[in-house]
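Student: Numbering (this note's numbering), first residue to last: 229 to 491.
The beta carbon of each residue, even a glycine, is placed where N, CA and C say it ideally should be.
Could you have a look at this structure, given as structure tokens, before my questions?
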Amino acid sequence: MQRPHIGRVGPIPPLGGFGGFPMGGFHMGGQNRRRDPFFYILVVQLLHKIYELPNKPPVTLGIMALCTAVHFAKDLSPDMAALIPPLDYGCLSPFSVVHGGQWPRLLWSAILHASDYHLYYNMSSLLLKGVQLELRVGPKRFGALVAWLTLLSQGLYALGAFWVGESYPRWRSLSRAECACGLSGLLFALKYALTHDQPGFSTVWGLPISLPTKYIAWAELLLIHYLIPNTSFAGHLAGICAGALHVHVLSRLTSWDAIVQML
């Protein structure tokens, strides 16, 4: 998740627009905006990686296509852009969700991204994790897992940040001023699910730091927060907590396979 620089956190009116959202489109991908040419080089490299995959993960690629289409909606179709809330109306504001009942933010905030590079890095990370996990458990089970972990991680962030912000005045901004976007919470949840039971050691981002693989998600949480302060530490932490809650508690209390078969 990333904390976008926005002027306000817009309310969602009870009526009007698609799904209760005001019209107007997503302002991050405007047609009059010139993009960094290096971004296109990265996109071509990512497409080449997808092309070289011997087995294409359909759910992973579908999510990547959805996030990309939403981000570039104004470039693709004005009609499509009209269905998408502006970033300040769709980002994850804990106060707006818990106190204002603006529940659609839980989903929109995961799809919206603050910049081209924010989108690229999240899609690259999703491809890496999706290839491993989707091909292991199958598209149907992976799709259900993604939907569940997205709602769980976003919900934990909204509830946790709201409780901390409203309980401790010093952290009031966590509840009322922050507004996160991007699916990094899901990515951290998937990272935890992939590595929590892995033996051996792994390095973090190729750095000369070797840690037990099961702790890699926690190491990345701290490293990203240190290197990129604008990211949402609380959102990433909520993702890890969602992954841990699913792996160690919820999946043992319910029959996950039975739930998937009902879909």
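Tell me the DSSP bridge mates of S430?
Tutor: DSSP output for S430 lists L439 as bridge partner(s).
Student: Note down the Cα distance separating L355 from M292, rounded to an integer number of angstroms.
Tutor: Straight-line Cα distance between these residues: approximately 8 Å.
Student: With three or more C-beta pairs closer than 8 Å as the rule, is the segment 405-421 touching the segment 377-386?
Tutor: Contact holds: three or more Cβ-Cβ distances are below 8 Å.
Student: Counting only runs of 3+ residues fully inside the segment 386-434, write out the beta strand (DSSP E) ranges in chain order.
Tutor: Listed in chain order, the complete beta strand (DSSP E) runs (minimum 3 residues) inside the segment 386-434 are 429-431.
Student: Does the segment 276-286 touch the segment 317-337, meaning 3 or more C-beta pairs lie closer than 8 Å?
Tutor: Segments in contact, no.
Student: Tell me which residues share the same chain as G471 and place their Cβ nearer than 6 Å to its Cβ, disregarding the 5 neighbours each side in the sequence.
Tutor: Hits under 6 Å: A417, Y420, A421.
Student: If I'm right that C407 touches S321 with Cβ under 8 Å, what's the distance once you round it to whole angstroms?
Tutor: About 4 Å separates the two Cβ atoms, so the contact holds.
Student: Mind reading off the beta-carbon distance from Y385 to A462? Whole number of angstroms is fine, and I expect it under 8 Å.
Tutor: Right, their Cβ atoms sit about 6 Å apart.
Student: Tell me the rounded alpha-carbon separation between L294 and L450.
Tutor: Roughly 29 Å between the two C-alpha positions.
Student: Cβ of L402 within 7 Å of Cβ of G393?
Tutor: Their beta carbons are under 7 Å apart, which means L402 touches G393 by this criterion.
Student: Am I right that N350 and G410 are in contact with their C-beta atoms under 8 Å? What's the rounded C-beta distance?
Tutor: Their Cβ separation, rounded to whole angstroms, is 6 Å, which keeps N350 and G410 in contact under 8 Å.
Student: Mark S438 as exposed unless 16 or more other C-beta atoms lie within 10 angstroms of its C-beta, in which case mark it buried.
Tutor: So S438 ends up on the exposed side.
Student: In whole angstroms, what separates the C-alpha of R369 from that of E362?
Tutor: Cα-Cα distance, rounded: 8 Å.
Student: Just list the alpha helix (DSSP H) runs in the segment 305-366, keeping only unbroken ones of 4 residues or longer that don't cross its boundaries, in chain order.
Tutor: Counting whole runs of 4 or more residues, the segment 305-366 contains the alpha helix (DSSP H) stretches 306-309, 315-318, 322-326, 333-339, 344-365.
Student: Looking only at C-alpha atoms, which of F429, S352, N458, W336 sits nearest to Q273?
Tutor: Ranking the options by Cα distance to Q273, first place goes to S352.
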